[in-house]
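Enquirer:
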Amino acid sequence: MSDQIDRPVDAPTVEVANDVETTTPMFLGLRRFARRFYQQKPAVVAAIFLILIIGSAVFAPLLATHDPYLQDLSSYLQSPSKSNWFGTDDLGRDLYSRMLFAGRVSLLAALQSVVVALVLGVIPGIVAGYSGGWIDAIIMRITDAIMAFPPLILAISIVAVLGPGLRNAMFAIGIIFAPRFLRLGRGATLAVRQETYIEAARSIGTPRRTIIRRHVLPNVAAPLIVQASLLMGVAMLAEAALSFIALGVQAPEASWGSLLQRGFRLTQSAPWLTIFPGIPIALTVLSLNVLGDGLRDSLGKEVRKS
């Protein structure tokens with residue numbers, strides 16, 4: 134009888150521990166997100182396309198068939214061929230190779246502007262939503278003043294002050310996008326602030342900074358991620374617009390927008406100079422918007438069909 138009581142039982146304990154590790158809230162949340170995102174077929178296709186675009190930009194030196202900066206006036210405006218898949222531009226440079234390296238610039242520019250907007254918008258938005266009162270009023274009045282200006286005019290004004298260049302152009306676009314993140318972060322924080330766990334944290338004397346970092350920010354992250362994916366596409370279009378009027382990337386560097394601007398003057402004689410740069414811009418922006426919709430549906434509340 135005593136031998137049976139003292140006998141160690143190891144296997145069930147290990148199995149229970151493993152079950153606990155694989156059923157943590159974070160693991161369950163990621164598994165639920167993956168299952169719901171997989172059901173969004175258009176979003177999956179968009180994600181695959183974006184992975185291919187990012188991969189082509191990362192491995193551009195390996196995929197390029199020519200030096201993207203090498204000028205060959207003897208190959209002036211050649212149409213697509215076996216040696217030059219997308220043809221050549223007005224300086225004889227291979228358009229396919231230039232588009233690969235231009236993709237790097239366009240994607241990094243869009244990412245830079247969104248990061249600037251997140252930094253400038255999210256923290257003030259959360260502070261305004263959580264604090265309320267005169268702090269909220271001052272921050273929102275500044276936001277309203279920025280949003281009163283036409284976006285493109287404001288971007289051109291900022292670039293005119295800072296000087297032309299891709300970095301300054303993306304900083305200007307980030308300033309324009311910041312109020313959108315600020316309003317979204319403020320609205321989400323206003324909803325989270327009323328939750329019971331926030332009141333419990335306050336009642337035990339948790340510092341405000343800790344409450345915002347541990348409780349508020351993780352719960353408002355989902356809509357911010359969706360908004361960031363949507364604004365990536367808008368940022369790419371804005372970069373193309375600024376490069377089109379020569380306020381973005383400067384020669385000899387190129388982005389998809391600057392390639393489009395350069396080919397616009399030769400649309401009649403060399404239409405491939407506008408067709409090939411325009412296609413990745415359109416498809417990438419479309420994919421980013423479809424991906425944003427898929428993330429929104431996957432991160433939101435699940436709707437069960439009856």
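Numbering-wise (the working numbering), the sequence shown opens with residue 134 and increments by one.
Beta carbons are placed, not taken as given, at the ideal position from N, Cα and C, and that holds for glycine.
All values reported here derive from a predicted model rather than from experimental measurement.
#1: For P385, count the other beta carbons within 10 Å of its own beta carbon; 16 or more makes it buried, fewer makes it exposed. Which is it?
#2: Quick check: M369 and S189, are their CB atoms within less than 8 Å of each other?
#3: For T221, write down the residues that DSSP places opposite it in a beta bridge.
#4: Determine, using beta-carbon pairs with one atom in the stretch 197 to 204 and one in the stretch 215 to 225, whether at least three such pairs fall under 8 Å.
#5: Tell me the rounded alpha-carbon separation between L285 and A374.
#6: Beta-carbon separation of G164 and L392 under 8 Å?
#7: Assign A387 to one of three DSSP states: helix, strand, or coil.
#8: Could you check if P404 is buried or exposed, using at least 16 other CB atoms within 10 Å of its CB as the buried criterion?
#9: If the criterion is Cβ atoms closer than 8 Å, does the pair I268 and G318 meet it?
#10: If contact is defined by three or more beta carbon pairs under 8 Å, each pair taking one atom from either stretch, is the stretch 171 to 181 in contact with the stretch 397 to 413?
#11: Buried or exposed: which applies to D417, given that a residue is buried once 16 or more other Cβ atoms fall within 10 Å of its Cβ?
#12: Buried or exposed, going by whether 16 or more other CB atoms sit within 10 Å of the CB of T155?
#13: When the Cα atoms are used, what is the spatial distance from V423 to L357?
#14: Of all the alpha helix (DSSP H) runs that stay within the bounds of the stretch 246 to 298, which reach a length of 4 or more residues?
#15: Could you tell me the distance, in whole angstroms, from the CA atom of I271 to the CA atom of S246?
#16: Tell me, to the nearest whole angstrom, how far the beta carbon of E372 is from that of A243; I am working on the premise that it is less than 8 Å.
#17: With the cut-off set at 8 Å, would you say M303 and V249 are in Cβ contact?
#18: Please report the Cβ distance between L399 and D223, rounded to the nearest whole angstrom; I am assuming they are in contact, meaning their Cβ atoms lie under 8 Å.
#19: In the DSSP assignment, the alpha helix (DSSP H) including I181 goes from what residue to what residue?
#20: Could you compute how far the alpha carbon of A305 sits from the alpha carbon of P312?
#21: Does the stretch 345 to 357 touch the stretch 320 to 328, meaning 3 or more C-beta pairs lie closer than 8 Å?
#22: Relative to the C-alpha of R347, which residue among Y330, A387, L210, L363 is closest?
#23: Ends of the alpha helix (DSSP H) at R346?
#24: Just curious, the alpha helix (DSSP H) that T400 is in, first and last residue?
#25: Taking F397 as the reference, give the member of S290, W389, T407 with the closest Cα.
#26: Quick check on the DSSP output: the alpha helix (DSSP H) that includes I378 runs from which residue to which?
#27: When we look at the beta-carbon of M134 and count the other beta-carbons within 10 Å, is it buried (16 or more) or exposed?
#28: For the alpha helix (DSSP H) that contains Y330, what are its first and last residues?
Expert: The short version:
#1: So P385 counts as exposed.
#2: no
#3: D227
#4: yes
#5: L285 and A374: Cα-Cα distance of roughly 9 Å.
#6: Sequence check: residue 164 is Arg here, not Gly. In this structure, L392 does not lie closer than 8 Å to R164 by Cβ.
#7: coil
#8: exposed
#9: no
#10: no
#11: Here the sequence assigns Thr to residue 417, which means Asp is not the residue at that position. Buried, since its Cβ has 16 or more Cβ neighbours within 10 Å.
#12: Here the model assigns T155 a pLDDT of 45, short of 50, so the residue's position is not dependable, and the following value carries that caveat. With fewer than 16 other Cβ atoms inside 10 Å of its own Cβ, T155 counts as exposed.
#13: 16 Å
#14: 266 to 280, 284 to 295
#15: 24 Å
#16: 6 Å
#17: yes
#18: 6 Å
#19: 174 to 191
#20: 13 Å
#21: yes
#22: Y330
#23: Segment: none, R346 is in no alpha helix (DSSP H) and carries neither H nor E.
#24: Where T400 is concerned, there is no enclosing alpha helix (DSSP H), given that its DSSP letter is neither H nor E.
#25: T407
#26: From DSSP, I378 is part of no alpha helix (DSSP H); its letter is neither H nor E.
#27: Low confidence applies here, because M134 scores a pLDDT of 46, under 50, leaving its location unreliable; read the following figure in that light. Result: exposed.
#28: 329 to 336
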